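Notes to accompany the following structure.
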Amino acid sequence: MGTAGEVIKCKAAVLWETQKPFSIEDIEVAAPKAHEVRIKMVATGICRTDDHAATGNFVTPLPIVLGHEGAGIVESVGEGVTSVKPGDKVIPLFSPQCGKCRVCNHPESNLCIKNDLVQPRGTLLDGTSRFTCKGKSIHNFLSTSTYSQYTVVDEIAVAKIDDASPLEKVCLIGCGFTTGYGSAVQFAKVTRGSSCAVFGLGGVGLSVIIGCKTAGAARIIGVDTNKDKFAKAKEFGATECINPQDYNKPIEEVLQEMTDGGVDFSFEVVGRLDTMMSALVGCHAACGVSVIIGVPPNAQNLSVNPMLLLGGRTWKGAIFGGFKSKDAVPKLVADFMAKKFPLEPLITHVLPFEKINEGFDLLRAGKSIRTVLTF
Ligand code: COD
Ligand code: ZN
Ligand code: ZN
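Sequence positions in the sequence shown follow my numbering and run 23 to 397.
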């Protein structure tokens, strides 16, 4: 490859300060060091977590190149890289899989200890970044930084995918789709014939619905305070939709009455404490499972009566749908290619990368499900 080993000059969307628009800047991207991979980005989605970082709700070091839901082509690799090679189509992994730590070796868990998500340092594994702009080092975001024409990631944070895959669609497998779908099929293990309630019908909630439907759930009840979300939820497989504002009693009671004591599986995909409680109480007291997907506002806590769990309810939460990322992403792409689930209906807007601020405006105005930026 012509550029291997060299510094690449390219465009990236840099966030210098929170609550400010992104600036498209000329940046330098250094060559990958040992066990690192440089990727030419082809497409990237805009996820709510990027917005949380841009507004300061999700605290991360600045200045930074955000973006964590992307797909691209390997430009070059550092010494010792064996799982990908130049020319491979890949998806960067915001939740890596080192394959060696206690979590990676656990059969059910997936939040590898090498993640940069729980306490973001804003760097690659070696504690530095490969981005510079105007002489300043620019931080990495969630091991990925996809809002750049080129990015460098650690080998444990990238998965090779099918050469034939459409990158402008499968980029959603890098976060939003997988987070929702996996929460249903992999993490909660929704059963055939079961009843499910999905709180929050954004892109992730709709992906939960796709998962519940794929798993053969008999009833999928969408819950949202915005009734404009109902038509799309039904297209994805919701059997009924309810708006808490239409009832003069708590929505968990409505769910209990609708489903003989509560649903088998409930999912919180809003990121609010009150909906987390409603989802918990709205699942059956003895056999219900409630899954938290949304991240609550910084530093907020719940006070919970343990009796809610003593009867046998299960309450749990997961990142990335509980999937081990490097293993699961290539399989999910293969499943998409085999038409086991759709991604197209989640993509409401496609914009050139330079229009990134427009894409964020659409998200903030509630007008988009997913915007994909193309390079
Ligand atoms: N009751 C019911 N629905 C509500 C309520 C309420 N009180 N308030 C808002 N809603 C609805 C909104 O109308 C909207 O339809 C939906 O909830 C939220 O959708 P979006 O489009 O804002 O968000 P999504 O689907 O893109 O993402 C939602 C998450 C909760 C998943 C997201 O905000 C989040 O917390 N993500 C972090 C989870 C994670 O795994 N992060 C790692 C990398 S992303
Ligand atoms: Zn690990
Ligand atoms: Zn995300």
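All residues carry an ideal CB built from backbone N, CA and C; glycine is no exception. Treat the numbers as computed from the prediction; the structure is a model and nothing was measured.
Counting only runs of at least 4 residues, the stretch 193-219 fully encloses the following alpha helix (DSSP H) elements, listed from N- to C-terminal order: 198-204.
Not one heavy atom of ligand 3 falls within 7 angstroms of the beta-carbon of C134. Rounded to the nearest whole angstrom, the C-alpha separation of G102 and V29 is 19 angstroms.
One alpha carbon belongs to E262, the other to C134, and they sit about 37 angstroms apart.
In terms of side-chain proximity, the C-beta atom of G198 is found nearer than 7 angstroms to a non-hydrogen atom of ligand 3. When DSSP reads this structure, E290 sits in a beta bridge with F221 and I314. Judged by DSSP in its simplified three-state form, H74 adopts helix. By the Cβ criterion, the stretch 148-161 is not in contact with the stretch 375-393, since fewer than three pairs of Cβ atoms, one from each stretch, lie closer than 8 angstroms. Distances between the C-beta of H74 and the heavy atoms of ligand 3 are all 7 angstroms or more. For N248, the shortest C-beta to heavy atom distance toward ligand 1 is below 7 angstroms.
When DSSP reads this structure, R392 sits in a beta bridge with I369. Contact between the stretch 182-189 and the stretch 208-227 is absent, with fewer than three C-beta pairs closer than 8 angstroms. One Cα belongs to C126, the other to T200, and the distance between them is close to 18 angstroms.
By the Cβ neighbour-count rule, M298 is buried, with 16 or more other Cβ atoms within 10 Å of its own.
A residue is called buried once 16 or more other Cβ atoms fall within 10 Å of its Cβ, and A76 is buried on that count. V64 and G24 have their alpha carbons spaced roughly 18 angstroms apart. One thing to note: F252 has its Cβ no nearer than 8 angstroms to the Cβ of I232. With a 10 Å radius around the Cβ and a threshold of 16 neighbouring Cβ atoms, R152 comes out buried. In this structure, ligand 2 has no non-hydrogen atom nearer than 7 angstroms to the beta-carbon of G344. According to the DSSP secondary-structure assignment, A65 is paired through a beta bridge with A93 and T396. For T104, the CB stays at least 7 angstroms from every heavy atom of ligand 3. By the C-beta criterion, the stretch 341-357 is judged not to be in contact with the stretch 238-249, since fewer than 3 inter-stretch pairs fall below 8 angstroms. Distance from the C-beta of K251 to the nearest heavy atom of ligand 1 is below 7 angstroms. Annotated as proximal: V311 and F287, with beta-carbon spacing under 8 angstroms. Relative to ligand 3, T66 has its C-beta separated by 7 angstroms or more from all heavy atoms. Closer than 7 angstroms to some heavy atom of ligand 3: that does not describe the Cβ of T336. The stretch 77-84 makes no contact with the stretch 105-113; the number of CB pairs closer than 8 angstroms stays below 3. In this structure, DSSP gives K235 a helical state, which the three-state scheme calls helix. In terms of Cα proximity to I49, the closest of R60, P118, L139 and K31 is K31.
Within the same chain, Cβ atoms closer than 7 angstroms to the Cβ of V226 are found at G198, T201, G202, V291 and I315, the five residues on either side in sequence being excluded.
Every beta strand (DSSP E) of 3 residues or more that sits fully in the stretch 154-184 is shown, in chain order, as 158-160, 172-176 and 180-182. Annotation note: the stretch 293-351 contains the following uninterrupted beta strand (DSSP E) runs of length 3 or greater, listed N- to C-terminal: 311-314 and 336-339. Excluding five sequence positions before and after K254, the CB atoms of its chain that fall closer than 8 angstroms to its own CB belong to L223, L228, P367 and I391, given in chain order.
Close CB contacts of P142 within its chain, under the 6 angstroms cut and outside five residues either way in sequence, are with T82 (chain order).
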